[in-house]
Amino acid sequence: MLNFSVKTISFLFLVFFCQVVYAQEKTTAFNIVSEIKIIGNKTTKDHIILRELPFKVGDTINAENLTEIIERSRSNLFITSLFNFVTIETAYFHDTFLSFYITVEERWYWWPLPIFEIQETNFNTWWLDKDMDRVNYGMYIAKENFRGRKERLTFKLQGGYTEKVGFKYSVPYVNKNQTQGVDLTFSYSRNREINYNTFDNKRLFYKNENGYVKKQINASFSYVLRPKLYNSHSFQLAYTSVDLVDSILFFNPEFLVSNKTASDFFSSTYYLKRDKRNNKAYPTQGYFYDFQLTQNGLGILDKEINNSYLKIGYRKFIKLFHKTYWAGLVKGKMSFSEVPYGLLGGLGYQNQLVRGYEYYVVNGRHFGLFKTQMRYGLIENKVFKIKPLPFDKFNKVPVSIYLGAYFDAGYVSENKTTKNSNFLNDDWLYGGGASIDFVSYYDMVFRLEYSINRLKEQGLFIHFIAPL
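Mapping the sequence shown onto numbering that gives the first Met the number 0, position 268 (from 1) lands on 267, and the numbers just tick up by one.
The following block contains the structure:
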């Protein structure tokens, strides 16, 4: 029989423990980031790119997480909308020290473009009549990545349905730590036609060929706080001035408040977002959620304007298996008081709709929206070289094509200003169908969808923005 003393057992336990620790150290490799080299950024400052990386020089990275960190870094840089292509490579010059080489191909940042814009809830509504009076035209000048610091400066001079002049200046970072920014906006617009109400979930209009029925001034200042990579907070103070012709009171005395044809008021908004998508224009992996609280009327100027609302949304994008993806969206709005028609929102506008109901608007104080879609990547990120074009920023065209099937649902409560006049309010909306989506550079998306709704209406619809 073997006899073990306490000292012997203790010694054997110590040897065993040391072997376990040694084995763990051998299987778990850690690297120290010794260098980050950025290549190809002729305009963008290095610190703008470094701000988007989830690591810095001197950080320790677990080798098992290296692939995930590289992919996350690429996604962060794409979401800035500064680059067409991003490549991240690593090199080891020692068993412990790791170097990153980040190669970027910058976008074209000057955009003096003519404006041809359809003034409708979506393209499909306009296509019914192809009314050229519902088109905006003019000149739009934008300087993206101004001064190489991700700043954005835009000017707009527009005629047509909505005559408008305006500018916006966005400065993402105003402090050394790159955590604080500001946005300034101003616009003046006027229209000869105005949407004054809805009936049977169709918009009603009043038009005056001899004068302007609505003039509006909008100005805002926003303070943006982005302490880390993925969360940002925005605090906005806005000013709105609306001037209407007296005839509007005949059609809708509640367009503003108390039979008024003019109003000046301030608004305040707090906006929070968390963005961990792999792409902003057409994401396939990650998630995004946002929260907005707005108060219209601050007890200054027009004190009769006093309403507030809360909006919240969540989007999730999952890669199920090879080339197959699932995406879902939940979004809602709740108003805390009655809302005049001129400030009322709802479903049916641009991408905030239940697919299959493109020809309707469903306005109301509260709404809920649910979207889900399965996608298959028929072609993913295939790059075509256009040899006749000598410009590097345009002659390489990435193309992706996705086949999809989707189902949407929504609900909008009735508002007192449209009570009992819209049959889609206070009832569930359902729609679904099949789609083919084309995605390319400069955030270009083209969607062709065949939808059927709860009313058994069906049709082919076109959109120019990601479905969710």
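Glycine is no exception: its CB is placed at the ideal position from the N, C-alpha and C atoms.
Note that the structure is predicted; figures quoted are calculated from it, not measured.
**Message:** Can you list, in chain order, the residues of its chain with a C-beta nearer than 6 Å to that of Y238? Leave out the 5 residues immediately preceding and following it.
**Reply:** For the purposes of this step, residue 238 is taken as the residue at position 239 of the sequence shown. A218, F265, listed in sequence order.
**Message:** Quick check: what's the CA-CA separation for Y405 versus G376?
**Reply:** By 1-based counting over the sequence shown, the position of residue 405 is 406. By 1-based counting over the sequence shown, the position of residue 376 is 377. So the two alpha carbons sit approximately 15 Å from each other.
**Message:** Could you tell me which whole beta strand (DSSP E) segments of length 3 or greater appear in the segment 45-129?
**Reply:** For the segment 45-129, whole beta strand (DSSP E) runs of length 3 or above, ordered along the chain, are 59-61, 82-91, 96-105, 109-117.
**Request:** Alpha carbon to alpha carbon, how far is E448 from E456? Give it in angstroms, no decimals.
**Result:** Taking the sequence shown and counting its residues from 1, one reaches residue 456 at position 457. Taking the sequence shown and counting its residues from 1, one reaches residue 448 at position 449. Taking the straight line from one Cα to the other gives about 14 Å.
**Request:** Check whether the segment 324-336 touches the segment 361-369, taking contact to mean three or more Cβ pairs, one atom from each stretch, closer than 8 Å.
**Result:** yes
**Asked** What is the rounded straight-line gap between the Cα of I87 and the Cα of L97?
**Response** Within the sequence shown, numbered from 1, the residue matching residue 87 stands at position 88. Within the sequence shown, numbered from 1, the residue matching residue 97 stands at position 98. Going by the C-alpha atoms only, they are around 13 Å apart.
**Asked** Per DSSP, I38 forms a beta bridge with which residues?
**Response** Here the question's residue 38 lines up with position 39 in the sequence shown. DSSP output for I38 lists T102 as bridge partner(s).
**Message:** So, at 7 Å on beta carbons, what are the nonlocal neighbours of I114 in its own chain, with the 5 sequence-adjacent residues on each side left out?
**Reply:** As a first step, residue 114 is located in the sequence shown; it is residue number 115 there, counting from the start. Excluding sequence neighbours, I114 sits near N135, Y136, G137, M138, Y139, Q157.
**Item:** Which of helix, strand or coil DSSP assigns to Y340
**Value:** Position 341 of the sequence shown, counted from the first residue, corresponds to residue 340. Here Y340 sits in helix by DSSP.
**Prompt:** Which two residues bound the contiguous alpha helix (DSSP H) that contains F250?
**Reply:** On the sequence shown, residue 250 is found 251 positions in, with the first residue counted as 1. Taken as a continuous stretch (DSSP letters only), the alpha helix (DSSP H) holding F250 covers 247-250.
**Straight-line Cα distance separating K272 from R314** = Start at 1 with the first residue of the sequence shown, and residue 314 comes out as number 315. Start at 1 with the first residue of the sequence shown, and residue 272 comes out as number 273. Computed Cα separation, rounded: 11 Å.
**Request:** Tell me whether R364 sits in a helix, a strand or coil according to DSSP, three-state version.
**Result:** Locating residue 364 in the sequence shown gives position 365, where the first residue counts as 1. Coil, per DSSP.
**Message:** Taking DSSP's pairing of strands, which residues face N230 in a bridge?
**Reply:** In the sequence shown, residue 230 corresponds to position 231, counting from 1. DSSP, once it has assigned bridges, lists R273 as partnering N230.
**Message:** Rounded to the nearest angstrom, what separates V82 and E51 at their Cα positions?
**Reply:** Here residue 82 corresponds to residue number 83 of the sequence shown, with the count starting at 1. Here residue 51 corresponds to residue number 52 of the sequence shown, with the count starting at 1. It is worth fixing the name first, because residue 82 is Phe in this sequence and not Val. A direct Cα-to-Cα measurement between F82 and E51 gives close to 13 Å.
**Message:** Closest to Y172 by C-alpha separation, out of A280, I101, Y91, G147, would be which residue?
**Reply:** Numbered from 1 along the sequence shown, position 173 holds the residue referred to as residue 172. Of the listed residues, the one whose Cα sits closest to Y172 is G147.
**Message:** Let me confirm a value: H46 is counted as buried when at least 16 other C-beta atoms fall within 10 Å, else exposed. Which label applies?
**Reply:** On the sequence shown, residue 46 is found 47 positions in, with the first residue counted as 1. Classification of H46: exposed, given that the 10 Å Cβ count is below 16.
**Request:** Could you pull out every residue in the same chain whose Cβ sits closer than 6 Å to the Cβ of K279, ignoring the five residues on either side in sequence?
**Result:** Looking up residue 279 in the sequence shown gives position 280. Excluding residues within five positions, the ones whose Cβ falls inside 6 Å are I78.
**Message:** Considering Cα atoms alone, identify which of I31, E150, N452, L203 is closest to D94.
**Reply:** One-based indexing of the sequence shown puts residue 94 at position 95. It is I31 whose Cα lies nearest to the Cα of D94.
**Message:** Across the segment 193-202 and the segment 214-231, are there enough close Cβ pairs to call them in contact, namely three or more that are closer than 8 Å?
**Reply:** no
**Prompt:** Does the beta-carbon distance from Q372 to W325 come in below 9 Å?
**Reply:** As a position in the sequence shown, residue 372 is number 373, starting the count at 1. As a position in the sequence shown, residue 325 is number 326, starting the count at 1. Result yes, Cβ atoms of Q372 and W325 sit closer than 9 Å.
**Request:** Please go through the same chain and pick out, in chain order, the residues whose beta-carbon is closer than 7 Å to the beta-carbon of K384, but skip the five residues on each side of it.
**Result:** Walking along the sequence shown from the start, residue 384 turns up at place 385. Once the five neighbours on either side are set aside, the close Cβ partners of K384 are N394, K395.
**Top-ranked residue by Cα proximity to N380, from F320, T283, F29, N362** = Taking the first residue of the sequence shown as 1, we reach residue 380 at position 381. Nearest C-alpha to N380: T283.
**Item:** Spatial neighbours of R71 in its chain, beta-carbon cut-off 7 Å, leaving aside the 5 residues before and after
**Value:** Indexing the sequence shown from 1 puts residue 71 at position 72. Result list for R71: P53, in chain order.
**Message:** Restricting to Cα atoms, I'd like to know which of N251, L243, F249 is closest to D263.
**Reply:** For this step, residue 263 is matched to residue 264 along the sequence shown. Of N251, L243, F249, the residue nearest in Cα terms is L243.
**Prompt:** With 16 other CB atoms within 10 Å as the buried threshold, where does P226 fall?
**Reply:** Your numbering for residue 226 matches position 227 in the sequence shown. P226 should be labelled exposed.
**Item:** Residues that DSSP places opposite T239 in a beta bridge
**Value:** Position 240 of the sequence shown, counted from the first residue, corresponds to residue 239. Note: T239 sits in a beta bridge opposite N217, F264.
**Prompt:** Closest by CA to Y269, which one among K310, L127, I304, T178?
**Reply:** Reading the sequence shown from its first residue, position 270 is the one you call residue 269. Comparing Cα-Cα distances from Y269 to each of K310, L127, I304, T178, the minimum goes to K310.
**Item:** D132, DSSP secondary structure in three states
**Value:** In the sequence shown, residue 132 corresponds to position 133, counting from 1. Residue state, collapsed to three classes: helix.
**Request:** Note down the Cα distance separating E63 from S169, rounded to an integer number of angstroms.
**Result:** By one-based count along the sequence shown, residue 63 stands at place 64. By one-based count along the sequence shown, residue 169 stands at place 170. Approximately 39 Å, taken between the alpha carbons.
**Asked** Can you pull the DSSP bridge partners for K381?
**Response** The residue you call residue 381 lines up with position 382 of the sequence shown. Answer is V398, bridged to K381.
**Message:** Could you compute how far the alpha carbon of S33 sits from the alpha carbon of I69?
**Reply:** Counted from its first residue, the sequence shown places residue 33 at position 34. Counted from its first residue, the sequence shown places residue 69 at position 70. Taking the straight line joining both Cα atoms gives about 16 Å.
**Prompt:** If you compare alpha carbons, which of K44, Q179, L127, G159 is closest to E105?
**Reply:** For this step, residue 105 is matched to residue 106 along the sequence shown. Considering only alpha carbons, the answer is K44.
**Prompt:** With a CB to CB cut of under 7 Å and the five nearest residues on each side skipped, what residues in its chain are close to K318?
**Reply:** Residue 318 sits at position 319 when you count from the first residue of the sequence shown. Excluding five sequence positions before and after K318, the CB atoms of its chain that fall closer than 7 Å to its own CB belong to T283, Q284, Y324, given in chain order.
**Message:** How far does the beta strand (DSSP E) with V438 in it extend, from its first residue to its last?
**Reply:** Position 439 of the sequence shown, counted from the start, is the residue given in the question as residue 438. Where V438 is concerned, the enclosing beta strand (DSSP E) stretches over 427-439.
**Delimiting residues of the beta strand (DSSP E) encompassing S188** = Position 189 of the sequence shown holds residue 188. Secondary structure note for S188: its beta strand (DSSP E) is the uninterrupted segment 179-190.
**Message:** Is it buried or exposed, R73, if we count other Cβ atoms within 10 angstroms and call 16 or more buried?
**Reply:** Taking the sequence shown and counting its residues from 1, the one referred to as residue 73 is at position 74. So R73 ends up on the buried side.
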